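Chemist: Got a structure here, written out as structure tokens. Questions coming.
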Amino acid sequence: MARLKKPPQCSFFRLTIQTQIHRTESADKLEAAFKNMIQLSETYVERQSILVGISNQVESLAMIYEQVRARRSVSVLRRMLMNNLEGNTTYFLLNKQAAATGVVALIDREGESPLGGLRIQLQCYPIQQVIDWLTYTLHGD
Numbered sequence: 001m002a003r004l005k006k007p008p009q010c011s012f013f014r015l016t017i018q019t020q021i022h023r024t025e026s027a028d029k030l031e032a033a034f035k036n037m038i039q040l041s042e043t044y045v046e047r048q049s050i051l052v053g054i055s056n057q058v059e060s061l062a063m064i065y066e067q068v069r070a071r072r073s074v075s076v077l078r079r080m081l082m083n084n085l086e087g088n089t090t091y092f093l094l095n096k097q098a099a100a101t102g103v104v105a106l107i108d109r110e111g112e113s114p115l116g117g118l119r120i121q122l123q124c125y126p127i128q129q130v131i132d133w134l135t136y137t138l139h140g141d
């Protein structure tokens with residue numbers, strides 16, 4: 001496992017994870033998939049078909065921090081975060097089926113995963129500190 005570098009101190013941080021609940025899916029199993037990836041402070045269903053999870057702690061990204069290093073996908077995550085950057089907000093997508101088994105598998109588009117993806121949105125001031133922390137490497141992998 002990668003040693004967790006000290007997380008940045010943001011004046012504001014909010015993580016939102018969300019996904020569409022399909023007829024063939026269980027909201028409880030999706031919630032478990034969320035919690036396999038991120039330590040959440042709250043989860044709820046929005047408009048009867050979207051599962052949402054919230055965290056206000058940067059440390060909730062620890063599992064993702066560790067797995068992107070183990071899977072050597074830090075540079076892919078950095079590209080996604082930078083490409084999706086808008087103001088102090090950015091996001092990335094995970095494969096929903098992989099997340100259900102506790103595996104962080106990045107995807108570029110929702111359509112890459114048959115049942116859609118998990119969208120993880122990060123809001124932070126300053127956002128660049130979170131991007132740099134989450135994608136920090138000593139060796140540039």
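Numbering (the numbering used here), first residue to last: 1 to 141.
For each residue, glycine too, the CB sits at the ideal point set by N, CA and C.
Since the structure is predicted, the reported quantities are computational estimates derived from the model, not experimental observations.
Taking residue 48 as part of the beta strand (DSSP E), name the residues at either end of that continuous run.
Modeler: Indexing the sequence shown from 1 puts residue 48 at position 48. Where residue 48 is concerned, there is no enclosing beta strand (DSSP E), given that its DSSP letter is neither H nor E.
Chemist: Below 7 angstroms between beta carbons: does that hold for residue 94 and residue 111?
Modeler: Residue 94 sits at position 94 when you count from the first residue of the sequence shown. Residue 111 sits at position 111 when you count from the first residue of the sequence shown. Not in contact: residue 94 and residue 111 (Cβ atoms no closer than 7 angstroms).
Chemist: Straight-line CA distance for residue 37 to residue 100?
Modeler: As a first step, residue 37 must be located in the sequence shown, where it is residue number 37. As a first step, residue 100 must be located in the sequence shown, where it is residue number 100. Approximately 9 angstroms, taken between the alpha carbons.
Chemist: Does DSSP put residue 36 in a helix, a strand or coil?
Modeler: Numbered from 1 along the sequence shown, position 36 holds the residue referred to as residue 36. Note: residue 36 maps to helix in three-state DSSP.
Chemist: Assign residue 42 to one of three DSSP states: helix, strand, or coil.
Modeler: Indexing the sequence shown from 1 puts residue 42 at position 42. Residue state, collapsed to three classes: strand.
Chemist: Would the segment 63 to 79 count as touching the segment 9 to 18 if we require 3 or more Cβ pairs under 8 angstroms?
Modeler: Because the criterion of three Cβ pairs below 8 angstroms is not met, the segment 63 to 79 and the segment 9 to 18 do not touch.
Chemist: Do you know offhand how far residue 126's Cα is from residue 132's?
Modeler: Taking the first residue of the sequence shown as position 1, residue 126 is located at position 126. Taking the first residue of the sequence shown as position 1, residue 132 is located at position 132. Near 11 angstroms, if we compare the C-alpha coordinates of residue 132 and residue 126.
Chemist: For the putative contact between residue 50 and residue 42, defined by C-beta atoms under 8 angstroms, what is the C-beta separation to the nearest angstrom?
Modeler: One-based indexing of the sequence shown puts residue 50 at position 50. One-based indexing of the sequence shown puts residue 42 at position 42. Not a contact, Cβ separation roughly 14 angstroms.
Chemist: Less than 7 angstroms between the beta carbons of residue 96 and residue 115, yes or no?
Modeler: Translated into the one-based positions of the sequence shown, residue 96 becomes position 96. Translated into the one-based positions of the sequence shown, residue 115 becomes position 115. Yes, the pair counts as a contact, with Cβ atoms nearer than the cut-off.
Chemist: Determine the contact status of residue 83 and residue 91, defining contact as a CB-CB distance below 7 angstroms.
Modeler: The residue given as residue 83 occupies position 83 in the sequence shown. The residue given as residue 91 occupies position 91 in the sequence shown. Cβ distance not < 7 angstroms, so residue 83 and residue 91 don't count as in contact.
Chemist: Using the Cβ count rule (16 or more neighbours within 10 Å means buried), how would you classify residue 130?
Modeler: Residue 130 sits at position 130 when you count from the first residue of the sequence shown. Buried, since its Cβ has 16 or more Cβ neighbours within 10 Å.
Chemist: CA-CA distance, residue 5 and residue 58?
Modeler: Here residue 5 corresponds to residue number 5 of the sequence shown, with the count starting at 1. Here residue 58 corresponds to residue number 58 of the sequence shown, with the count starting at 1. If I take the Cα positions, the gap works out to 12 angstroms.
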